[in-house]
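Those protein sequences? They're chains L and B, same order as listed. For what it's worth, my numbering labels the leading residue of the first sequence as 716, then goes sequentially. For what it's worth, my numbering labels the leading residue of the second sequence as 716, then goes sequentially. Ideal Cβ positions, reconstructed from N, Cα and C, are used throughout, including at glycine.
There are 2 protein chains.
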Amino acid sequence: MKIVDMRVHSLAIADPPLRSSYGLHQPYALRNVLELVSEDGIVGIAETYGGDEPANALKALRDRVVGADAWRLTGLLMDLVEGVGDGLDRSHTMHTPGENPLDESPRTYSAIETACLDLIGKATGVPVCDLLGTRVRDAVEFSAYPFYKHAGGGGEGSDAREDKYGECLTPESIVRQVRMMKEEYGFHDIKFKGGVLDPEVEIETIKQLKQAFPDCPARIDPNSAWTVETSIKVGVALKDELADGGYLEDPAAGIDGMAAVRKGLLALGIDTPLASNVAVTAFQHMPESIRNDAVQVVLCDHHFWGGMRQVQQLGKLCQTFGIALSMHSNSHLGVSLMAMTHVAAATPNLTYACDTHYPWQSADEIVAGGRVKIEGGKVAIPDKGGLGVELDYDQVARLAELYTKIPYRKRDDQAEMRKYVDPAWTRKLPRW
Amino acid sequence: MKIVDMRVHSLAIADPPLRSSYGLHQPYALRNVLELVSEDGIVGIAETYGGDEPANALKALRDRVVGADAWRLTGLLMDLVEGVGDGLDRSHTMHTPGENPLDESPRTYSAIETACLDLIGKATGVPVCDLLGTRVRDAVEFSAYPFYKHAGGGGEGSDAREDKYGECLTPESIVRQVRMMKEEYGFHDIKFKGGVLDPEVEIETIKQLKQAFPDCPARIDPNSAWTVETSIKVGVALKDELADGGYLEDPAAGIDGMAAVRKGLLALGIDTPLASNVAVTAFQHMPESIRNDAVQVVLCDHHFWGGMRQVQQLGKLCQTFGIALSMHSNSHLGVSLMAMTHVAAATPNLTYACDTHYPWQSADEIVAGGRVKIEGGKVAIPDKGGLGVELDYDQVARLAELYTKIPYRKRDDQAEMRKYVDPAWTRKLPRW
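Structure follows, in structure tokens:
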């Protein structure tokens, strides 16, 4: 099935002022959407990181993509996945996902692989998870993903939106936020983004969440904001709250930091698993992480681990070493949500409810027919070929035009933090 | 694509009296061929281990297979691959491949996966390696696989065959054997089956092989026949001969034995890689093997590692830990050869020429049109859907009838050794 055209759409979507240790989300999240068109006019789609660089990386491959067979292309481009990022590079600690030079070409590969699989699936009537070959679940569970946030729902100027959550900078408002999310989406597990307020406040936030939702596994992710000592202190304070399906995600920076936290907690008889999508972001990090027992739950993400099949391979690797698997998310629309759902459905070792930012990007959508349904906290695999969704080209055009009008060309949470919160703010690791 | 029928053919094929540390090959190798028939009459095929037990294991799954969708079945049967053989079980050292209880259900799964992929490939016109998704080579290189052997080409009674190699129980006759194989098939690399004669004779055999074919990487595989001390002695004696693309395969038994050999050789400044398909036969062996640097080359085999996708996953795991990958073989026909070729084509980390017994099973074939071509030592991926081969049903019927007439129901090299060479022979590890 020959590919005769590729199109890249750089989009901007309203994104609320969410806080994390990286800083503050800009009023727009950026996404690129890739279309691969077959000679018989079928279109395969993928959604990936936004801004000019990912778009240019895709466009630079045009000569290798156009004219290729969709069934062969994922093999022909394996050089983008294999042999990159040799050696251990810790530079990623300071990068937001999608900005890590270590996985630049695997990110590009992933978008092309996803679009090829969608194209093949649409042509054959086969869901992507069945092309991947080991669908072990028909619906995939996602977690509520509460953030500390300022008021508003993203956008700026005349395009500024409100959201129903308002400002949430206290434990109580986070509990309210989660309750609203649970009501709307039926989420069960809770993944809480920390690294923003004093650890004592964040401890109190988790405690209040567990009081409000005692049966729901809870996780906290401060994105490396803490020292080893603080991490252990939090682990001790939240020993009970993070048990029974919860975990402590990237409390301290780097494989060494994580290993030290693990050792410190185990010495105190606390075996809360440590999860990571910052200390461990690529296959080449796994040997050292395993040797040092640094990470007990890896957060996969097909967007930056080199695609869906690489995530399946990561799953097997983790399973072999007794490591659990969860799924990382970034701000995204419905095409990414469906891709995440398909790869999760076809990855046996994925045993945690996945992360998703999707409820935060609710102001805009490019999927024909509107937002992908999350019901009972789950996204179902549609009984359709490919990812199971098509593009709404009016919305693509609107968001592409929006992209041309805004000044943002890459994610920069620090700049946004300086602009709206503190002109002197610098991302500092560890902060506490 | 609904599967409406499954058929299992138990076959016997003439097999020459090859020697190994397991004993002596019986006059017939046993194979089972699986057919999965779709509602539109397309037939997907696979070849697997022979005899009654593998056939019964497949037949026992009939209710889960018939009525299932070929695209879904590999997901629905994942329980056969996942969660089996937990814990480290070393019992496999004494078992021939295909008899190891540790991978009984992954073996069954593999045959079904292969037949599903062939069925899907034939229905869509897509080669299996492109269904697997990462074809990185269009032809796969195999090695010459010399064995010490007695005279004859297999079969017995009125069905007894001759072969052109005759008796080969000396270094000189092995060199002659390899020369004939190279002439016929164009093989480059040499994988020599040892563990049969005194190690001094086997050392001399490799030395003569390297004198005759100095540019061809050489390996020796005594199937765990040696003590750690003997293994180190051989490693020292063949330091130069096994360098440059060669390896020492399963010299001593078990992960501990292999690790001790490795340590001993490294202490002498010899870094000849150790390969294994005996000490390491399943994912659950990998952590201990890696921790102890026991094996530097894993021999994959989709027939017993749980199928083609599991081999791809094994490849990534090995690559991640800096372990090389080669491919194991057992006595087989053309359907297995094609399956091995497809999975090898779609496994980037497979960097050694693969093993194949195929030249030894040259008296019989079930592939329509006759034997699969090995040219320049390579098997090419056909430009056809699925595995690229169909069954010759006359030959299937002939070999199935033969199966009903012979007394052999499972491979037993020890019994054959007692019958023809030494009534008191027992497989003893280590022997030297």
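Chain-ordered neighbours of residue i on chain L, where CB pairs are closer than 8 angstroms
| i | result |
| --- | --- |
| B:VAL841 | TRP786 |
| B:LEU1014 | Per Cβ cutoff of 8 angstroms: no residues; B:LEU1014 is ~17 angstroms from chain L at best. |
Test: residue i CB closer than 8 angstroms to a CB of chain L
| i | result |
| --- | --- |
| B:ALA1061 | yes |
| B:GLU856 | no |
| B:GLU754 | no |
| B:PHE998 | yes |
| B:MET793 | yes |
| B:GLU944 | no |
Where residue i meets chain B, residues with beta-carbon distance less than 7 angstroms
| i | result |
| --- | --- |
| L:ARG822 | Per Cβ cutoff of 7 angstroms: no residues; L:ARG822 is ~17 angstroms from chain B at best. |
| L:PHE1036 | PRO1002 |
Cα-Cα separation, residue i to residue j
| i | j | result |
| --- | --- | --- |
| B:PRO816 | L:ASP1127 | 55 angstroms |
| L:LYS1088 | L:SER991 | 28 angstroms |
| B:LEU795 | B:TRP786 | 17 angstroms |
| B:ALA729 | B:ARG1124 | 14 angstroms |
| B:ALA838 | B:GLY1103 | 12 angstroms |
| L:ALA772 | L:SER820 | 8 angstroms |
| L:ALA1068 | L:GLU814 | 25 angstroms |
| B:ALA783 | B:ILE718 | 6 angstroms |
| L:GLY972 | L:GLN999 | 17 angstroms |
| L:ILE889 | B:GLY759 | 55 angstroms |
| L:PHE657 | B:ALA1139 | The requested residue 657 of chain L is not part of the displayed model; chain L covers only 716 to 1147. |
| L:GLY870 | L:ASP845 | 38 angstroms |
| B:THR789 | L:ILE827 | 24 angstroms |
| B:GLU964 | B:GLN1034 | 19 angstroms |
| L:VAL843 | L:GLY1100 | 7 angstroms |
| B:PHE732 | L:GLY836 | A quick correction: the sequence has Pro, not Phe, at residue 732 of chain B. If you take the alpha carbons of B:PRO732 and L:GLY836, they lie about 49 angstroms apart. |
| L:PHE902 | L:PRO861 | 11 angstroms |
| L:ASP936 | L:ARG822 | 23 angstroms |
| B:ASP1008 | L:LEU847 | 32 angstroms |
| L:LEU1052 | L:ILE905 | 18 angstroms |
| L:LEU726 | L:ARG746 | 5 angstroms |
| B:PRO988 | B:THR829 | 31 angstroms |
| L:VAL1094 | L:GLY1084 | 16 angstroms |
| L:LYS954 | L:LYS948 | 10 angstroms |
| L:SER858 | L:GLN1110 | 27 angstroms |
| B:HIS1017 | B:TYR1073 | 16 angstroms |
Under 8 angstroms by beta carbon: chain B residues contacting residue i
| i | result |
| --- | --- |
| L:ARG1024 | GLY848, THR849 and GLN1027 |
Cross-chain neighbours of residue i in chain B, by beta carbon under 9 angstroms
| i | result |
| --- | --- |
| L:ASP845 | ASP784, TRP786, ARG787, THR789 and GLY790 |
Helix, strand or coil at residue i [DSSP, three-state]
| i | result |
| --- | --- |
| L:ARG787 | helix |
| L:CYS931 | coil |
| L:ARG722 | strand |
| B:THR763 | strand |
| L:SER771 | As written in the sequence, residue 771 of chain L is Asn, which differs from the Ser given in the question. Three-state DSSP puts L:ASN771 in a helix. |
| B:GLY950 | helix |
| B:SER873 | helix |
| B:GLU828 | helix |
| B:PRO742 | coil |
| L:LYS1182 | The requested residue 1182 of chain L is not part of the displayed model; chain L covers only 716 to 1147. |
| B:SER1004 | helix |
Check: residue i C-beta below 7 angstroms from any heavy atom of the ligand PLP
| i | result |
| --- | --- |
| B:LYS925 | Absence of the ligand PLP from the depicted structure is noted, as is the absence of any ligand whatsoever, leaving it without description. |
8 angstroms Cβ cutoff, residue i in contact with chain B
| i | result |
| --- | --- |
| L:GLU1090 | no |
| L:LYS1031 | yes |
Contact set between residue i and chain L, taken where Cβ atoms lie within less than 7 angstroms
| i | result |
| --- | --- |
| B:ILE797 | Correcting the residue identity first, residue 797 of chain B is Glu in this sequence and not Ile. By Cβ distance, chain L contributes PRO1063. |
Give the residues from the region 737–754 of chain L that approach chain B closer than 9 angstroms (Cβ to any Cβ), ordered along the chain. none
For the region 861–881 of chain L, list every residue whose C-beta sits within 7 angstroms of some C-beta in chain B, in sequence order. none
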